[in-house]
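The block underneath contains the structure these notes are about, expressed in structure tokens.
Written out as structure tokens, the structure is:
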């Protein structure tokens, strides 16, 4: 298995309308640099897609994965972005909370304290520029 494993934040409504449908995402090693090199999934629910580059912010924390804790970490990260000068109104906050991802790096048998987790929130080009204006480009990682 590759790491991290990403799970979408709020997910999308599924066919029965209970709102629990989520997407899980895996990164493939660099040797799979072309879609034609990727093995075809045997499960029809699994799709291979090329994800375009995105900019975002990450908050790292430890412990076992818990959806409520991940949501709380994402909420704190959104609040921190606002404090750092990113213009976040109610609709932007709602969008960020819908689009955040939880990233897990460790197998289930890893001791909880040593597990690495992250929440990732995508940023628009304008939001990236706002952050760069505040913190400077030396702190921005490519």
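Numbering (the UniProt record's numbering), first residue to last: 1 to 142.
Backbone N, C-alpha and C define an ideal beta-carbon position, used for all residues, glycine too.
Under the three-state reduction of DSSP output, residue 109 falls in the coil class, being neither helix nor strand. Within the same chain, 122 come within 6 Å of residue 54 by CB-CB distance, once the 5 residues on both sides are set aside.
Per DSSP, residue 91 is one residue of the alpha helix (DSSP H) stretching across 90–99. Only exposed fits residue 43, as fewer than 16 other CB atoms lie within 10 angstroms of its CB.
DSSP places residue 74 within a helical segment (H, G or I) once states are collapsed to three.
The C-beta distance from residue 86 to residue 31 rounds to 37 Å, too long to meet the 8 Å contact threshold. Annotation for residue 133: the continuous alpha helix (DSSP H) segment containing it runs 125–135. Residue 42 sits in coil when the DSSP states are folded into three classes, being neither helix nor strand.
Pairing residue 103 with residue 4 gives a Cβ-Cβ distance under 7 Å. Distance between residue 135 and residue 22, taken at the CA atoms: about 33 Å. Residues 9, 74, 119, 121 of the same chain have their beta carbon placed closer than 6 Å to that of residue 100, with the five preceding and five following residues left out of the count.
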